[in-house]
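Novice:
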Amino acid sequence: MQPSTERVLTIFETINAIPRCSSKERALSDWLVGWASERQLVCERDEMLNVLIRVPGTGEAADAAPVAFQGHLDMVCEKTPDSEHNFDADPIRSMTEGEWLTADRTTLGADNGIAIALALAVAEDEEIVHPPLELLFTVDEETGLTGAQKLSPDWLQAKTLLNLDSEDEGVFTIGCAGGLGSVISVPISHVAPDSGFEFVKLAVSGLQGGHSGVDIHHDRANANVLAARVALDLLEKFGAAIAEFHGGSAHNAIPRDSHVVLGLKPPHMDDARTLVSAWQRILSGEYASTDPNLTVELREAQRPERIFDDDSAGRIMDILMGLPHGVVRMSREIAGLVETSTNLATVRTADGKVEIDTSQRSSLESQLEAVAARVAAVARLGGGSVRVVSRYPAWEPQAESTVLRKASEAYRELFDAEPSVEVIHAGLECGVIGAKYPGMEMLSIGPTIQMPHSPDERMHLPSLERLWEFLVHLLRTLR
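In structure tokens:
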């Protein structure tokens with residue numbers, strides 16, 4: 011491994027010692043301000059805690075036009091059910107498995123901590139020839155791109171931006187979908203549970219999950235959808251009562267776990283367990299190739315003080331069974347590209363209501379509106395309401411841009427191969443930044459990262475070495 015790549019990983023390890031779940035990035039933002047101050051670099055920070063560090067150019071590129079590096083400070087904080095990791099205090103414990111860097115039962119945070127590490131490593135290395143750099147680090151990318159949304163339109167001077175938030179080395183991303191996040195709120199009424207009820211927890215777990223954009227086409231199981239299917243069967247066959255429904259953890263992650271606390275009369279308990287075992291076989295068959303560790307089971311549960319009344323339970327089940335999830339339409343222009351999708355992300359039982367987070371994505375504004383309207387219609391049919399909590403624009407591809415041409419030339423020179431050029435079905439901050447800086451040429455690149463947004467997240471170390479070599483070479487040409 012090259013010494014400079016080792017420096018990238020050392021910086022990444024330092025970053026991983028700093029808690030940075032979405033909306034909790036202040037400590038990392040402070041650390042970056044301190045890093046810049048130690049090196050006497052110009053550093054600015056806005057009220058959102060976005061950070062901009064200006065790095066002078068070097069060598070023959072010292073007087074060239076500035077180039078921006080961009081990544082985000084936050085990470086999706088996911089862990090396995092048996093992990094005791096505290097994301098607010100504990101460092102991410104990374105480990106090497108062959109050619110891969112992964113974490114101990116948590117997300118690794120390479121999405122997008124590795125972008126910060128790469129940018130800082132370039133700035134620290136005095137031997138690298140590069141134009142003046144603007145290192146832009148934004149907050150809250152994972153929960154709505156709000157840091158990018160609040161950027162000042164006159165902060166950046168650069169006309170070229172390298173986003174480091176892609177996850178396939180050798181792939182140049184030049185466009186992305188737009189999207190929105192919507193929250194369904196369903197009012198419910200409670201009653202005291204029948205004295206004859208015994209309570210169990212219907213648990214769906216062991217799913218693969220993944221990113222709700224780039225992984226949506228794999229048709230992996232959605233824990234909330236499966237829990238709703240099994241719970242509905244228990245309600246219809248045995249008159250089960252619902253006390254709570256909880257599932258999923260993030261609006262942009264396919265839910266891996268979900269549970270429903272149910273009340274059942276003792277005479278039905280054995281039959282209910284038999285039914286759940288049958289569902290285990292059915293669902294394992296449906297998702298044998300995508301979710302081999304899928305588990306559906308009944309566990310013990312404490313007796314709650316109240317349960318949903320019959321009307322509320324029926325409306326919640328109708329909404330969950332009616333909501334679309336997954337790919338809605340494939341692109342008519344680009345083979346294999348998802349055009350439109352929706353994710354039934356989280357379900358939460360709160361005082362007097364159930365809240366359901368969903369996210370919709372599309373490269374076509376009309377189709378984004380159409381699928382969002384479907385979600386809202388299902389919610390209204392069940393007596394719920396919908397509010398849009400986030401929205402971001404698509405990034406229109408620039409297939410003839412100078413940065414794409416120079417990057418492609420650099421890749422061919424280094425690796426004697428053609429890079430892949432693609433548009434992705436996910437929201438990148440490039441769409442938001444491009445709307446604020448018309449005419450900005452942008453390219454998104456990154457090392458190979460698999461299973462982001464899940465505890466199985468891992469980064470391919472040889473791909474990081476190749477990316478580093480490519481970045482160093484590319485920077486010489488951007489002048």
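In case it helps, the numbering used here puts the sequence shown at residues 11 to 489. By construction, the Cβ of each residue, glycine as well, lies at the ideal position given by its N, Cα and C atoms.
To which residues of the same chain is N232 closer than 7 Å at the C-beta, ignoring the five residues directly before and after it?
Specialist: Cβ within range, chain order: I264, P265, H335 and L354.
Novice: At the level of alpha carbons, what is the spacing between E54 and V43?
Specialist: The straight-line gap from Cα to Cα measures roughly 8 Å.
Novice: Just how far apart, CA to CA, sit P76 and V482?
Specialist: Going from the Cα of P76 to the Cα of V482 covers about 15 Å.
Novice: The ligand ZN heavy atoms versus the CB of P142: any closer than 7 Å?
Specialist: Summarising the ligand content, the structure contains no ligands, and the ligand ZN is consequently not present.
Novice: Below 8 Å between beta carbons: does that hold for L190 and L236?
Specialist: Contact: no.
Novice: Around the Cβ of M11, are there at least 16 other Cβ atoms within 10 angstroms (buried) or fewer (exposed)?
Specialist: Reliability of the predicted coordinates at M11 is poor, the pLDDT of 44 falling under 50, and no value is obtained from them.
Novice: In terms of residue numbering, what span does the beta strand (DSSP E) encompassing G336 cover?
Specialist: Here the beta strand (DSSP E) through G336 covers G336 to M340.
Novice: Using CA atoms only, rank isn't needed, just tell me which of H278, G257, W289 and M279 is closest to V240.
Specialist: That would be W289, whose Cα lies nearest to the Cα of V240.
Novice: What are the uninterrupted segments assigned as alpha helix (DSSP H) that are 4 or more residues long and contained completely in the stretch 234-319, given in chain order?
Specialist: 276-296, all fully within the stretch 234-319.
Novice: Grouping DSSP H, G and I as helix and E and B as strand, with all else coil, what is L424?
Specialist: Three-state result, L424: helix.
Novice: Let me confirm a value: D98 is counted as buried when at least 16 other C-beta atoms fall within 10 Å, else exposed. Which label applies?
Specialist: By the neighbour-count rule (16 or more Cβ atoms within 10 Å), D98 is not buried but exposed.
Novice: Alpha carbon to alpha carbon, what distance is there between T352 and F22?
Specialist: Each residue's Cα considered, the two are about 32 Å apart.
Novice: Taking the alpha carbon of M58 as the point to measure from, which residue in A71, G157, I126 and L111 has its own alpha carbon closest?
Specialist: Ranking the options by Cα distance to M58, first place goes to G157.
Novice: By alpha-carbon positions, which one of E419, L453, L274 and D135 ends up nearest to Q408?
Specialist: It is L453 whose Cα lies nearest to the Cα of Q408.
Novice: Let me know the beta strand (DSSP E) ranges lying completely inside the stretch 325-395, each 3 residues or longer, listed in chain order.
Specialist: For the stretch 325-395, whole beta strand (DSSP E) runs of length 3 or above, ordered along the chain, are 336-340, 348-360 and 363-372.
Novice: Specify whether the stretch 174-183 and the stretch 90-109 touch according to this definition: at least 3 beta carbon pairs, one from each stretch, less than 8 Å apart.
Specialist: Flag = no, the stretch 174-183 and the stretch 90-109 do not touch.
Novice: How big is the Cα-Cα spacing for A521 and H227?
Specialist: There is simply no residue 521 to check, as the chain begins at 11 and stops at 489 in what is shown.
Novice: Between which residues of its own chain and H200 is the CB-CB distance below 7 Å, once the five residues before and five after are set aside?
Specialist: Excluding positions up to five away in sequence, the list reads R316, I317, F318 and D319.
Novice: Give the range of the beta strand (DSSP E) segment to which R55 is assigned.
Specialist: Looking at the DSSP string, the run of the beta strand (DSSP E) that includes R55 is V52 to R55.
Novice: Out of L485, W478 and R486, which has the shortest C-alpha to C-alpha gap to G180?
Specialist: If we check each option's Cα against that of G180, W478 comes out closest.
Novice: Going by CA-CA distance only, name the one from M469, L474 and S464 that's closest to E152.
Specialist: Of the candidates M469, L474 and S464, the one whose C-alpha sits nearest the C-alpha of E152 is S464.
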